[in-house]
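Numbered according to the working numbering, the sequence shown spans residues 50 to 165.
Built from N, CA and C at the ideal position, the CB exists for glycine as well.
No experiment lies behind these values; they were computed from the predicted model shown.
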Amino acid sequence: MQPITPETVQNEIDKFLNQDVYLHLETTNGAYASHFNQSFFSVGAYIRNAKINFERGVITGEKSPYRAGLKINIGWVYAEGLTHWEVNEDGQLLLAGHDAEGKLAVALQLSPHPFE
């Protein structure tokens with residue numbers, strides 16, 4: 050993965066506009082964070098292969114980390130803390146946010162076909 054360049058990532062998001070695509074969205078602060086520190090409040094969210102169709106997609110922010118939003122029919126899909134991106138060999142757009150230690154904190158991914 051490479052650091053996000055907003056203009057380049059915006060062009061990639063636009064390729065998925067107004068068509069059925071598959072979404073993967075996850076947040077994590079470490080599944081075992083509370084194991085090492087009992088007072089740590091661990092949270093996370095995960096959704097995979099949600100079929101969506103968005104009419105507007107944006108990546109915003111003055112500098113890293115960035116935010117991305119997808120305007121769907123009656124609301125928004127939103128992720129913040131994004132730092133890196135790539136398009137893989139399957140044509141999937143992978144956006145990720147890594148913390149200072151390089152660990153995954155958030156992922157927003159779009160695909161023309163279901164994720165494996």
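Boundaries of the beta strand (DSSP E) in which residue i is found, first to last residue
i    : result
Q158 : L153 to S160
L72  : V70 to T77
A149 : Careful: A149 lies outside any beta strand (DSSP E) and carries neither H nor E.
Residue i vs residue j beta-carbon contact at 8 Å
i    : j    : result
I101 : V70  : yes
L142 : A99  : no
H133 : A145 : yes
A117 : I108 : yes
L66  : E104 : yes
Range of the contiguous alpha helix (DSSP H) that encloses residue i
i   : result
T54 : Note, T54: premise wrong, no alpha helix (DSSP H); not H, not E.
For residue i, the three-state DSSP class (helix, strand or coil)
i    : result
E61  : helix
V92  : coil
E135 : strand
L66  : coil
Problem set entry | Ranges of the beta strand (DSSP E) found wholly within the region 98-133, counting only runs of at least 3 | Qualifying beta strand (DSSP E) stretches, in chain order: 103-109, 115-121 and 124-131.
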